[in-house]
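Asker:
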Amino acid sequence: MMLQTVEERPATPSVTSVERILAIMELLSQAKTGLTLPEISRRLSLPKSSTHCLLLTLERHGYLMHDPSTRRYLFDLKLYSLANSALNGINLRVQACPCLWTLSQRSHTTVHMAVLDHYEALIVEKVEPPGVRRQASWVGKRLELHCSAVGKALLAYLPEEDLMQTLANCRMPRHNDNTITSIRRLQAEIAETRCRGYSIEEEEDVIGTRCVGVPVLTSPAEAIAALSVAGTTDEIKTERIPQLIPMMKQTAAEIAEKVSPSGHTSRTPVQCRVT
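Residue 49 in my numbering sits at position 49 of the sequence shown, with consecutive numbering throughout.
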């Protein structure tokens, strides 16, 4: 496959550093033994000085490594880690989709699956059955942790050190009078979620919407994702929640069984820890 130089690509008002970095990464992906600075500069028709700056940035952030003996740049482990995470995410969606569809049909609710990403919950799958009120959500949407059922479920199964770091960095804006904006109150909610094994979002983001969430556990205290059922307060009445929880936990266990290499699932009880 012929690789275009940056200058040969369609003209834009300016060639950004991001475009140049992507060109470098694409070029290196085709060079099994790596490339030197002059080779990269020449093949992409880029100035050697700016190319060097970009390579140093990628090296400093762990995406590239520089071999002093050959002067060649190669992919470093961080890039492999990112690629592995992406592949795992794809596998999670593929494995989970039939389970989520079944849950949506049984519960007649909108079902979301989300993962923790940069102090937010990232929706990676959504199933919406006909006849329910459409939710303002989509695959790729980011949800705040403090006011979403998936967010609370993910927080409840973080190791203590990670939980403290996440709480220190996540945003907690107020959307209405129901929104939790206190760290102390959120910690109490997390502890309750961990004890009962599911989370509830009571109109804390959007008035008139209720969500219930459960973790997808690959070990007794490790959640790789969380799933939720969402609907209006009329569709998900408080008295209906006990009926939804067993089918949600069953779905989470089925997903965990499919994606977990160790075979551990959320069938193992989690010890209640009250703070």
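Here a beta-carbon is modelled for each residue, glycine too, at the ideal position from N, C-alpha and C. Note that this is a predicted model, so its numbers are computed, not measured.
1. For residue 117, which beta-bridge partners are listed by DSSP?
2. Just mark residue 164 as buried or exposed, buried being the case when its beta carbon has 16 or more other beta carbons within 10 Å.
3. If you drop the 5 nearest sequence neighbours on each side, which residues of the same chain put their C-beta closer than 8 Å to that of residue 180?
4. By DSSP, does residue 272 sit in helix, in strand, or in coil?
5. How many angstroms separate the CA atom of residue 37 from the CA atom of residue 55?
6. Residue 99 CB to nearest chain B CB: under 8 Å?
7. Can you list, in chain order, the residues of its chain whose CB lies under 8 Å from that of residue 133, leaving out five sequence neighbours each side?
8. Tell me, to the nearest whole angstrom, how far the beta carbon of residue 115 is from that of residue 124; I am working on the premise that it is less than 8 Å.
9. May I ask which residues mark the beginning and end of the alpha helix (DSSP H) holding residue 195?
10. Once the 5 residues before and after residue 213 are set aside, which same chain residues still bring their CB inside 6 Å of it?
11. Of the choices 194, 72, 202, 251, whose alpha-carbon is the least far from that of residue 175?
Answerer: From the atom records:
1. Indexing the sequence shown from 1 puts residue 117 at position 117. In the DSSP output, where bridge partners are listed per residue, residue 117 has 120.
2. Walking along the sequence shown from the start, residue 164 turns up at place 164. Classification of residue 164: exposed, given that the 10 Å Cβ count is below 16.
3. Numbered from its first residue, the sequence shown carries residue 180 at position 180. Excluding positions up to five away in sequence, the list reads 146, 147, 172, 186, 189, 204.
4. By one-based count along the sequence shown, residue 272 stands at place 272. Note that residue 272 scores a pLDDT of 44, beneath 50, so its modelled location is shaky; the value from the coordinates is reported in the next line. In this structure, residue 272 counts as coil in the three-state DSSP scheme.
5. Taking the sequence shown and counting its residues from 1, the one referred to as residue 37 is at position 37. Taking the sequence shown and counting its residues from 1, the one referred to as residue 55 is at position 55. Distance between the alpha carbons of residue 37 and residue 55 is about 8 Å.
6. In the displayed structure, chain B is absent; only one protein chain is listed.
7. As a working mapping, residue 133 is identified with position 133 in the sequence shown. 231, 232, 235, listed in sequence order.
8. Taking the first residue of the sequence shown as 1, we reach residue 115 at position 115. Taking the first residue of the sequence shown as 1, we reach residue 124 at position 124. About 6 Å; that satisfies the 8 Å criterion.
9. In the sequence shown, counting from the first residue as 1, residue 195 sits at position 195. From DSSP, the alpha helix (DSSP H) with residue 195 extends over 183-196.
10. Translated into the one-based positions of the sequence shown, residue 213 becomes position 213. If we look at residue 213 and ignore the five residues flanking it on each side, its Cβ neighbours are 149, 150, 153, 199, 226, 228.
11. Position 175 of the sequence shown holds residue 175. Checking every option, the nearest Cα to that of residue 175 belongs to 202.
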